[in-house]
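Chemist: Residue numbers (full-length UniProt numbering): 1 to 377.
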Amino acid sequence: MADSPNRRVLVVGGGITGSTLALALAQRGAHVILVELRRELGGVGHGITLQGNALKAFHSVGVLDELAENGCAFDKLRMFRADGVQIMEMPAPPMGGPGLPPTMGALRARLADILARRVAEAGVDVRTGTTVTAIDDRGHEVVATLSDGTTATVDLLVGADGIRSSVRSMIGIETQPRSVGMGIWRVVAQRPAEMDCSGVYYGGPKYKAGYTPISDDLCYAFLLEGNLDRSFVGEHPNGKIMKEHGQGYGGVWGRVRDSLADDAVVNYQYIEAILVDEPWFRGRTIVIGDAAHACPPLIAQGAAMCAEDAVVLAEMLTGGDDIEQVLPAFMARRLPRVKMVLDNSLLLAEWEIHPDTPGADPGRLMGQTLGALCEPA
């Protein structure tokens, strides 16, 4: 006999994955507790590039229209040489289907704020400054001990707590993130008037530079290079350093770089990847999103894969099947898609680190990947 459709679900982690899952489940009648270690949900991070499949997921939970009010939609990607001469222009495929933009740039903090507010409005029991410290799977239910000393008894516990997931370790999955061998600088800057879509620059002194318009007057710019000293990791007023490291790139990217103040707050992170290729679940606990699969940002599909996980899992959990059936079916449905994205992202990273690799063709690989992602999640 199937479980009650009004399922009790504990979601660990209030980022894009966890918030989208909590919202989707609440909208479908589930009783959801969302725990987040930070003191509040909402705005963190710089710019984000959301392709059509991500937009489809956010549309399905009702947040896309609000996000689009301040975002920037576009339908192509341009590739340039380091000096700013255009190599090619690729149309962005309609990965979200008809009626949705192929791509949208937005402030990541804006997306997080919208999700946080909608989660509260949907009646989710949000507990910030809190996480799970112990998991007692009793077969028909899970009793989770929380860091505030309380317990929660639920039908399912979902670890949506990121690439360094505590839930993943607690259920005995030993897979760990690995370094890709590159780091990324990110900054929000003033958007030049001629910037009407994403652009990427190849063949320069670093691995790659690029940008995405994220509002009428702002853009998100990035620079990929090798792993620097750990002291650079995080957000610091390192505009001068990013400008120095970004020398050698022209065109619009060069103008964005030159516009940065020396004390502009920039973010630098090591790029890591993970793929759990054994079951993502143990009993009635499952990890999803970056806790199960995190890819380098070379195809701009990280948030999309996470949001798709959340929406698909919510649909399957509220479809009437037993949880014991849903979890393996969910992984079987999601693994081929996320593995393709991860494998192709890692191959692009290898080509960018070793640009003389015979047969390297980033444009072709990106086009093939995005074309495949036009298929529904």
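For every residue, glycine included, the Cβ atom is placed at its ideal position computed from N, Cα and C. For clarity, every value in this text was computed on a predicted model and none was experimentally measured.
1) Roughly how many angstroms lie between the CA atoms of residue 10 and residue 218, to the nearest whole one?
2) How many angstroms separate the CA atom of residue 300 from the CA atom of residue 294?
3) According to DSSP, simplified to helix, strand and coil, what is residue 256?
4) Going by beta carbon distance, what residues of the same chain come within less than 6 Å of residue 205, once the five residues before and after it are set aside?
5) Can you list the alpha helix (DSSP H) stretches of 4 or more residues lying completely in the segment 263-338, in chain order?
6) Is residue 201 closer than 8 Å to residue 80 when the C-beta atoms are compared?
7) So what does residue 222 bridge to, in DSSP terms?
8) Is the separation between the beta-carbon of residue 267 and that of residue 235 shorter than 8 Å?
9) Can you give me the C-alpha to C-alpha distance between residue 334 and residue 313, rounded to a whole angstrom?
10) If you drop the 5 nearest sequence neighbours on each side, which residues of the same chain put their C-beta closer than 7 Å to that of residue 93?
11) Just confirm the distance between the C-beta atoms of residue 221 and residue 256, as a whole number of angstroms; I'd bet it's less than 8 Å.
12) In angstroms with no decimal places, state the Cα-to-Cα distance between residue 230 and residue 179.
13) Pick helix, strand or coil for residue 16, following the three-state DSSP scheme.
14) From this set, 68, 281 and 19, which residue's C-alpha is nearest residue 215's C-alpha?
15) For a minimum of 4 consecutive residues, which ranges assigned as the alpha helix (DSSP H) are wholly contained in the segment 95-169?
16) In three-state DSSP terms, what is residue 179?
17) Among all the DSSP beta bridges, which residues are the ones paired with residue 48?
18) Tell me the residue span of the alpha helix (DSSP H) that contains residue 364.
19) Find out if the Cβ-Cβ distance for the pair residue 303, residue 48 is shorter than 8 Å.
20) When the distance is taken between beta carbons, is residue 26 closer than 8 Å to residue 124?
21) Give the DSSP bridge partners of residue 91, in chain order.
22) Give the range of the alpha helix (DSSP H) segment to which residue 244 is assigned.
23) Tell me the DSSP bridge mates of residue 33?
24) Using a Cβ-Cβ cut-off of 6 Å (strictly less than) and excluding sequence neighbours within five positions of residue 19, which residues of its own chain qualify?
25) Assuming contact is defined by CB atoms lying nearer than 8 Å, are residue 84 and residue 203 in contact in what I supplied?
26) With burial defined as no fewer than 16 other Cβ atoms inside 10 Å of the residue's Cβ, what is the status of residue 297: buried or exposed?
27) Buried or exposed for residue 336, going by 16 or more other Cβ atoms inside 10 Å?
28) Beta carbon of residue 163, beta carbon of residue 278: below 8 Å?
29) Between the C-alpha atoms of residue 113 and residue 357, what's the straight-line distance to the nearest angstrom?
30) By the three-class DSSP mapping on this structure, what secondary structure does residue 341 have?
31) Within this structure, are the beta carbons of residue 161 and residue 323 separated by less than 8 Å?
32) Apply the 10 Å Cβ neighbour rule to residue 51 and answer buried if 16 or more other Cβ atoms are within range, or exposed otherwise.
33) With a threshold of 16 other CB atoms inside 10 Å of the CB of residue 97, please say whether the residue is buried or exposed.
34) Using alpha carbons as the reference points, say which of 355, 332 and 366 lies closest to residue 343.
35) Out of 208, 78 and 157, which one is the CA nearest neighbour of residue 281?
36) Residue 201 bridges to which residues according to DSSP?
Modeler: Reading off the structure:
1) Taking the straight line from one Cα to the other gives about 37 Å.
2) 12 Å
3) helix
4) 248
5) 302-317
6) yes
7) 186 and 210
8) yes
9) 10 Å
10) 102, 370, 371 and 374
11) Going by Cβ atoms, the distance from residue 221 to residue 256 rounds to 5 Å, so yes, they are a contact pair.
12) 13 Å
13) helix
14) Residue 68 holds the alpha-carbon nearest to the alpha-carbon of residue 215 among 68, 281 and 19.
15) 108-121
16) strand
17) Paired residue(s): 106.
18) Element bounds for residue 364: 362-372.
19) yes
20) Residue 26 is positioned such that its CB atom lies closer than 8 Å to that of residue 124.
21) BP columns for residue 91 point to 76.
22) 239-245
23) DSSP, once it has assigned bridges, lists 10 and 125 as partnering residue 33.
24) 115 and 119, listed in sequence order.
25) The answer is no: Cβ separation not under 8 Å.
26) buried
27) exposed
28) No, they are not a contact pair.
29) 42 Å
30) Residue state for residue 341 is assigned as helix, using DSSP reduced to three classes.
31) no
32) buried
33) exposed
34) The shortest C-alpha separation from residue 343 is found at 366.
35) 157
36) 80 and 209
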